[in-house]
Amino acid sequence: MGSSTAFPIAMARGATWDIDLERRVGNTIGLEGKAQGANLFAGVCINLPRHPAWGRIQETYGEDPILLGEFGTALTQGVQNHLMACVKHFALNSIENARFRVDVQVDEDVFHEVYLAHFRKVIEAGAASVMSSYNSVNGEWAGQSRLLLTDILRDQWNFTGFVMSDFIFGLRNAAVSLKNGLDIEAPFAQQRAIHLNDALRSGEISWADIDKAAINILRTNLEFGSLLVQEAPDESVVFCEEHRQLAREVAGRSMVLLKNDFINGNPVLPLKLEALSRMAVVGRLANKPNTGDKGSSQVFSPTIVTPYQGLKSEIPSADVVLEDSDNPEAAREAAKKADAAVVIVGYDAGDEGEYVVPSLQNDPCLSELFPPTRNPDDEDMLSIVQGKPARGKQESALEVGAGGDRRSLRLRPRDVQVISAVASVNSHIIVVLVCAVGTLGGYALADVFLGRVDAGGRLPFSIPKDESHLPELDIEASTIKYDRWYGHALLYKLGVDAAFPLGYGLSYTKFRPRNLECVYLAGRGIIKVALDVENIGLRSGHHVAQVYGYPKMAEFPHRVLLGFGSVYLQSRESKRVCIEASLRPIGRWVNGKFCLLVSSVEIEVAGHSGNKEAIRKVCKL
């Protein structure tokens, strides 16, 4: 692929809580891919991030299976207007440093209820393909696990597409992987090219095994045949104005206002242009293009608008100055001379992301899985993945020593010093969570600051008050146990409040929910939730109605997200909002099937998890 529109990272898009918007993003990605000759998009990443230190957390949508399933489905549906989509990584892939060697242990009920639920949702929506993961699950490599690839995918979920390995190191035994349900070894001819002929001659595999994989591949291509043979759009659609503006819209919708201060009874945000003659934009990332990871999820966008560039362009009436020297004293002086100071700090691809090269250095046996080198370019690639300098001039997206899981969740000490220096000048502080927000993110930041769009983002994860409120994580582990206690469920179990709960985010306006109705539809396994939402503020904005259930079961989360819906309202406008709340999150896996073990559930519709202004109703099942 060449240059394309860089949308905000998936975690940012999850903060919109808007699946219709994500479907539009998927459609655009599919269109630009088709225009450049692609037939498959392998970017539907829905692994569940148990711990915020996971290096590739930015590639997924949030901490809850409902969020992951809904957004993964929307992206898949949008992409498959033009291409086949591949959902990944199946399964339990949420450690980066040890991804090639870690064995994830999980109990059967927790596996089905928590870690497989979102994959099942996307499979049922018609995903063409599934990518396996590098790690092993309960002692069996995921890329050759009969339990995962045949028993669950094919027999339980009736998946009819094809299964491909994760790249290069996704299987360890060519014959076993084929027999157990892996259809394609990606992306090179390597283990299977070397070993399958011998396995066929010895009788370890049969032509029936080969036919089964070939049929899965051919059947899927035939099912998508009419789509794939459609004439590709002209390449002028790539990075066109419509797509750039969609990226800007998504970026603005993704920004989460966590704290807004007041001066003389008036909020600091949105900014008042008439009171702004000089703005200082400070911090290490103030003028640095930052679109996320530099690994397999990297998008090469022709243009990236930085925060400084966006604010300077969109606030021409003020003198917008840059101070990105990473010097606390310089930041303090810049803030002193300004009416407003914006501090841009945080993480980039050097702090977190895909951990290719260091992982291979730690696991030298993986070099044996690399395909034979046939030319100087192949030899250069092998040198790169082994962490050695390339002999030639081949460019690579891999950055040696970059990324990986985070060993600390804290900001860099220098970033904290810059924040403190600016805060010492002006005690009126606001906090906005801005992820890597794509090609026009700087303009979108100005849109939010100036109130052109509402501060409409809502956290797709909970933020604890202390690191002790997170599950244990050893990023170099050879074995780890996954249970159901993480995120907002773990906080409740520990009896502690979140610093910022799941779904939280301030708005420039205020909404009032009322008239809640709940109807159980047994045949569909859902509760149809309806309520009126009124915008009682003076500005237009988006409200996210979040539906939580209280199932009251022992050793089970107290509060469970069942569904959500986003609605846009003008000032004083009211609309009826209907949400199909799934009961799957409170279903229990018993003797190989899901069962409802409660006869009623209390339904809560709130602006965030634990919101005291929520409205409630008990629904009989």
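Numbering (the UniProt record's numbering), first residue to last: 1 to 621.
Even for Gly, the Cβ is constructed at its ideal location relative to N, Cα and C.
Note that the coordinates shown come from a computational prediction; the quantities given were computed from them, not determined experimentally.
Assignment of alpha helix (DSSP H) within the segment 210–239, counting only whole runs of 4 or more residues, yields 225–228 in chain order.
Put simply, the backbone Cα of C86 is about 18 angstroms away from that of N135. Around the beta-carbon of D474, fewer than 16 other beta-carbon atoms lie within 10 Å, marking it exposed.
Here M255 carries a coil assignment [DSSP, helix/strand/coil].
Annotation for G549: the continuous beta strand (DSSP E) segment containing it runs 541–550. Where V25 is concerned, the enclosing alpha helix (DSSP H) starts and stops at 19–35.
One alpha carbon belongs to A174, the other to V416, and they sit about 50 angstroms apart.
Counting the other CB atoms within 10 Å of its CB gives M1 a total below 16, which places it among the exposed residues.
In the structure shown, G283 adopts coil according to DSSP, grouped into three states. Looking at the DSSP output, I603 bridges to G549, K617. Cβ atoms of L31 and P316 stay farther apart than 8 angstroms, at about 34 angstroms. Distance between S582 and A280, taken at the CA atoms: about 47 angstroms.
Annotation for Y568: the continuous beta strand (DSSP E) segment containing it runs 560–569. The three-state secondary structure of G442, taken from DSSP, is helix. Rounded to the nearest whole angstrom, the CA to CA distance from G592 to K465 is 38 angstroms. P49 and V114 do not touch by the CB rule: their CB atoms are close to 12 angstroms apart, not below 8 angstroms. For L153, DSSP records no beta bridge to any residue.
In its chain, beyond the 5 residues on either side, D339 have a beta carbon closer than 7 angstroms to the beta carbon of A275.
When C-beta atoms of the segment 261–270 are compared with those of the segment 441–451, three or more pairs fall below 8 angstroms, so the two segments count as touching. DSSP places Q191 inside the alpha helix (DSSP H), whose first and last residues are 191–202.
Put simply, of A142, G203, D261, F511 the residue whose alpha carbon is nearest the alpha carbon of H608 is F511.
Note that the C-beta distance between A545 and V533 is below 8 angstroms.
Cβ contact annotation for V519 (same chain, cutoff 6 angstroms, sequence separation greater than five): K528, in chain order. Bounds of any beta strand (DSSP E) do not take in V422; it lies within the alpha helix (DSSP H) bounded by 413–423. Taking L21 as reference, the option from A446, E613, R253, R284 with the minimal CA-CA separation is R253.
Bounds of the beta strand (DSSP E) holding R512 are 511–521. Going by DSSP, I66 is part of the alpha helix (DSSP H) stretching over 65–79. For Y308, the uninterrupted alpha helix (DSSP H) run begins and ends at 307–314, by DSSP.
In the DSSP assignment, I123 falls within the unbroken alpha helix (DSSP H) covering 117–124. Per DSSP, R588 is not a residue of any alpha helix (DSSP H); the beta strand (DSSP E) it occupies stretches across 588–590. Collapsing the DSSP output to three states places S507 in coil. T5 counts as buried, since at least 16 other C-beta atoms from the protein chains shown sit within 10 angstroms of its C-beta. Under the Cβ criterion (8 angstroms, minimum of three pairs), the segment 315–334 does not count as touching the segment 34–49.
Under DSSP, Y482 takes part in a beta bridge, and its partners are V106. In the DSSP assignment, C45 is bridged to K88. Following the DSSP letters along the chain, one finds V343 inside the beta strand (DSSP E) bounded by residues 340–343.
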